[in-house]
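Novice:
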Amino acid sequence: MPLVIAPQNRELQIIRISADDKTKKHLESLGITANGNVTVLSSAGGSVVCKIKEGRIALDSSLSAKIFVRA
Numbered sequence: 314m315p316l317v318i319a320p321q322n323r324e325l326q327i328i329r330i331s332a333d334d335k336t337k338k339h340l341e342s343l344g345i346t347a348n349g350n351v352t353v354l355s356s357a358g359g360s361v362v363c364k365i366k367e368g369r370i371a372l373d374s375s376l377s378a379k380i381f382v383r384a
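Note that the sequence shown covers residues 314 to 384 in my numbering.
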């Protein structure tokens, strides 16, 4: 399921990122990688605030729709 519709406050595993290479490299530098873990803290209007490792990051709706996770 895309990160934009993922349940909140549950640790999820990132299974795929369907974006171009430049975007994938940018996400990797932020700690968002395939087989990594992410927790959705809040989701409103398509924007998603998530916890990656010990930090928080906000993603817009178009980017969070390209990150697929498994519960």
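C-beta: ideal position from N, C-alpha, C; glycine also.
What is the rounded straight-line gap between the Cα of residue 355 and the Cα of residue 362?
Specialist: C-alpha separation (whole angstroms): 5 Å.
Novice: Report the partner residues of residue 327 according to the DSSP bridge assignment.
Specialist: In the DSSP output, where bridge partners are listed per residue, residue 327 has 382.
Novice: In the structure shown, what three-state DSSP assignment does residue 372 receive?
Specialist: Strand.
Novice: Distance, Cα to Cα, residue 314 vs residue 349?
Specialist: Answer to the nearest angstrom: the Cα atoms are 15 Å apart.
Novice: Please state whether DSSP places residue 366 in a helix, a strand or coil.
Specialist: Correct three-state label for residue 366: coil.
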